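Asks: If you scroll down you'll find the structure; I have some questions about it.
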Amino acid sequence: DTGVSQNPRHKITKRGQNVTFRCDPISEHNRLYWYRQTLGQGPEFLTYFQNEAQLEKSRLLSDRFSAERPKGSFSTLEIQRTEQGDSAMYLCASSPHRGRGTEAFFGQGTRLTVV
Amino acid sequence: ELKVEQNPLFLSMQEGKNYTIYCNYSTTSDRLYWYRQDPGKSLESLFVLLSNGAVKQEGRLMASLDTKARLSTLHITAAVHDLSATYFCAVDTVSGAGSYQLTFGKGTKLSVIP
């Protein structure tokens with residue numbers, strides 16, 4: 058399977074714990090995005106990487122959130138001191154670097170439940 | 003701030019009927035995407051619309067883009083149960099820092115009933 062891969066698919070954690078998610082984009086895709094989706098809503102942009110450079114972070118991404126993409130390959134999203142409001146589906150997407158108008162391909166997502 | 007509004011948000015339609023979902027957005031853009039999402043699943047790309055007047059068709063679905071009106075439509079012809087899903091439109095923007103992002107509407111939950 059050569060699609061966007063996310064792990065884990067599901068994560069249940071206690072409030073206050075740290076969690077880390079991983080995203081493996083489609084090979085050779087330079088662009089990588091993280092989105093968050095809550096029930097009944099559309100995905101909300103969190104952050105964007107072009108190769109290893111994080112070019113933008115949404116205001117939704119508080120200081121407890123950090124994302125990395127070492128060497129421009131896979132990416133990780135870490136949430137520290139989780140809160141119940143962090144419960145959501147976290148989606149990763151990637152697209153090739155061909156200017157605008159290139160569709161983004163989404164992974165299956167990581168569903169986070171904070172109890 | 004870019005706003006993307008879809009309507010209706012909920013749509014229940016009978017098999018065999020036609021209907022249109024509307025997507026309005028608040029900024030100049032000539033890049034718009036439609037995605038489908040099944041319950042508990044990720045997003046599947048349906049259409050990529052890259053210019054004013056673009057029209058794409060796949061099976062019973064047809065999407066169009068009017069950049070002057072800042073409006074895209076997704077038309078459903080002779081609906082079948084398999085089309086039941088949530089449909090999202092998303093507008094593509096780029097910031098001055100060269101960051102690309104998609105801004106999504108809230109989605110239209112479509113239920114096709116016999």
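Protein sequence lines, in the order shown, are assigned to chains A and B. Here the first sequence stands for residues 58 to 172, numbered as in my numbering. Here the second sequence stands for residues 3 to 116, numbered as in my numbering. All C-beta atoms in this analysis are idealised placements derived from N, C-alpha and C, irrespective of residue type, glycine included. It should be emphasised that the depicted structure is a prediction, and the values quoted were computed from it without experimental measurement.
1) Counting C-beta neighbours from all protein chains within 10 Å, is the total for A:Pro100 16 or more, i.e. buried, or is it exposed?
2) What would DSSP say about B:Leu85, mapped onto helix, strand or coil?
3) Using CA coordinates, which residue listed in A:Leu134, A:Pro127, A:Arg79 and A:Lys128 is at the minimum distance from A:Arg121?
4) Skipping 5 residues on each side, what residues in its chain have a beta carbon closer than 6 angstroms to that of B:Thr79?
5) Residues of chain B with CB closer than 8 angstroms to the CB of A:Gln165, please, in chain order.
6) State the beta-bridge partners of B:Lys58 as determined by DSSP.
7) Could you check if A:Gly119 is buried or exposed, using at least 16 other CB atoms within 10 Å of its CB as the buried criterion?
8) Would the region 82-89 of chain A count as touching the region 5-16 of chain B if we require 3 or more Cβ pairs under 8 angstroms?
9) Nearest to B:Gly39 by CA position, among B:Gly98, B:Glu3, B:Tyr89 and B:Ala71, is which residue?
10) Buried or exposed for A:Ala145, please, with buried defined as at least 16 other CB atoms from any protein chain shown within 10 angstroms of its CB.
11) With a cut-off of 8 angstroms on the beta carbons, I'd call B:Thr105 and A:Phe102 a contact; round off their distance for me.
12) For chain A, is any of its Cβ atoms less than 8 angstroms away from the one on B:Leu4?
13) Tell me, please, whether the CB atom of A:Phe102 is closer than 8 angstroms to any CB atom in chain B?
14) For B:Glu7, which residues of its own chain have a beta-carbon under 7 angstroms away from its beta-carbon, when the five flanking residues on both sides are left out?
15) Let me know the secondary structure DSSP gives B:Lys5 once reduced to three states.
16) Assuming B:Val57 and B:Ser86 make a contact with CB atoms under 8 angstroms, what is their CB distance in whole Å?
Replies: The relevant details are as follows:
1) Start at 1 with the first residue of the first sequence, and residue 100 of chain A comes out as number 43. Buried is the call here.
2) As a working note, residue 85 of chain B is residue 83 in the second sequence. Reduced to three states, the DSSP call for B:Leu85 is helix.
3) As a first step, residue 121 of chain A must be located in the first sequence, where it is residue number 64. With distances taken between Cα atoms, A:Arg121 lies closest to A:Leu134.
4) Numbered from its first residue, the second sequence carries residue 79 of chain B at position 77. Cβ neighbours of B:Thr79 beyond the five flanking positions: Asn20 and Arg62.
5) Residue 165 of chain A sits at position 108 when you count from the first residue of the first sequence. Simply Lys43 and Ser44.
6) The residue given as residue 58 of chain B occupies position 56 in the second sequence. Beta-bridge pairing links B:Lys58 to B:Ala65.
7) On the first sequence, residue 119 of chain A is found 62 positions in, with the first residue counted as 1. For the sequence presented, residue 119 of chain A should be read as Ser rather than Gly. With fewer than 16 Cβ atoms within 10 Å of its Cβ, A:Ser119 is classed as exposed.
8) no
9) Numbered from its first residue, the second sequence carries residue 39 of chain B at position 37. Looking at the sequence itself, residue 39 of chain B is Gln, so the reference to Gly does not match. Nearest of B:Gly98, B:Glu3, B:Tyr89 and B:Ala71 to B:Gln39, Cα basis: B:Tyr89.
10) Locating residue 145 of chain A in the first sequence gives position 88, counting from the first residue. Under this definition A:Ala145 is a buried residue.
11) Taking the second sequence and counting its residues from 1, one reaches residue 105 of chain B at position 103. Taking the first sequence and counting its residues from 1, one reaches residue 102 of chain A at position 45. Indeed, because the Cβ distance is near 7 angstroms, the residues count as touching under 8 angstroms.
12) Here residue 4 of chain B refers to the residue found at position 2 when the second sequence is read from its first residue. Output row for B:Leu4: interface = no.
13) Position 45 of the first sequence, counting from 1, holds the residue named residue 102 of chain A. Interface residue, yes.
14) In the second sequence, the residue the question calls residue 7 of chain B occupies position 5. Correct list, in chain order: Asn26 and Gly107.
15) Here residue 5 of chain B is taken as the residue at index 3 of the second sequence, counted from 1. Residue state, collapsed to three classes: coil.
16) The count along the second sequence starts at 1 and reaches residue 57 of chain B at position 55. The count along the second sequence starts at 1 and reaches residue 86 of chain B at position 84. Wrong, their Cβ atoms sit about 24 angstroms apart, outside the cutoff.
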